[in-house]
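**Q** What the sequence shown shows, in my numbering, is residues 1 to 105, in sequence order. Below: one structure in structure tokens.
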Amino acid sequence: MSLPERNNEGFLENASEWDEAVARAIAAESGIDLTEKHWEILFLLREFYKRHEVSPPSNRLFVKAVKDSLDEDKGNSIYLMQLFPGTPAKTACRIAGLPRPTNCL
1 MSLPERNNEG FLENASEWDE AVARAIAAES GIDLTEKHWE ILFLLREFYK RHEVSPPSNR
61 LFVKAVKDSL DEDKGNSIYL MQLFPGTPAK TACRIAGLPR PTNCL
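What follows is the structure in structure tokens.
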């Protein structure tokens with residue numbers, strides 16, 4: 001599969017070119033096999049972006065957004081790090097086809 005144009009960190013240049021096949025391909029590059037748990041978070045992120053026109057700017061705000069939208073069990077750092085290793089907000093946003101969170105290293 002040919003992926004849409006991305007920047008040097010792997011984020012899509014145009015979020016509107018994202019679809020589930022693109023998400024699966026980007027996730028596979030990070031060794032992530034997407035499950036229903038991943039999709040729940042990815043769709044939540046895309047909805048957040050639609051409402052606020054920005055990705056959650058930090059891991060802390062990412063965790064809070066998940067906690068507020070889903071529940072406490074899912075809105076915690078450990079759960080999100082298990083799904084999206086490394087920097088969860090950055091990894092999840094990249095897979096969700098969204099811009100890089102501003103405060104993520």
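The C-beta atom is built at its ideal place from N, Cα and C for all residues, glycine as well.
For residue 59 and residue 86, what's the separation of their Cα atoms in angstroms?
**A** As a first step, residue 59 must be located in the sequence shown, where it is residue number 59. As a first step, residue 86 must be located in the sequence shown, where it is residue number 86. For residue 59 and residue 86, the distance between alpha carbons rounds to 11 Å.
**Q** Tell me the residue span of the alpha helix (DSSP H) that contains residue 88.
**A** If you number the sequence shown from 1, residue 88 lands on position 88. Counting along the chain, the alpha helix (DSSP H) containing residue 88 begins and ends at 88-95.
**Q** Do you know offhand how far residue 82's Cα is from residue 92's?
**A** In the sequence shown, residue 82 corresponds to position 82, counting from 1. In the sequence shown, residue 92 corresponds to position 92, counting from 1. Residue 82 and residue 92: Cα-Cα distance of roughly 11 Å.
**Q** Quick test of the definition: if touching needs 3 or more C-beta pairs under 8 Å, does the stretch 60-71 touch the stretch 20-27?
**A** The stretch 60-71 vs the stretch 20-27: no contact.
**Q** Tell me the DSSP secondary structure of residue 105 in three-state form.
**A** Walking along the sequence shown from the start, residue 105 turns up at place 105. Reliability fails at residue 105, whose pLDDT of 49 lies under 50, so the model's placement of it is uncertain and the value that follows must be treated cautiously. DSSP places residue 105 in coil when its eight states are reduced to three.
**Q** Compute the distance between the beta-carbons of residue 48 and residue 21, then report whether it is under 8 Å.
**A** Translated into positions along the sequence shown, residue 48 becomes position 48. Translated into positions along the sequence shown, residue 21 becomes position 21. No, Cβ-Cβ distance for residue 48 and residue 21 is not below 8 Å.
**Q** Classify residue 90 as buried or exposed, calling it buried when 16 or more other Cβ atoms lie within 10 Å of its own Cβ.
**A** Along the sequence shown, one-based indexing puts residue 90 at 90. By the neighbour-count rule (16 or more Cβ atoms within 10 Å), residue 90 is buried.
**Q** Let me know if residue 84 comes out buried or exposed under the rule of 16 or more other beta-carbons within 10 Å of its beta-carbon.
**A** Indexing the sequence shown from 1 puts residue 84 at position 84. So residue 84 ends up on the buried side.
**Q** Unbroken alpha helix (DSSP H) runs of length 4 or more, entirely within the stretch 18-105: which are they?
**A** For the stretch 18-105, whole alpha helix (DSSP H) runs of length 4 or above, ordered along the chain, are 20-29, 36-52, 59-69, 77-83, 88-95.
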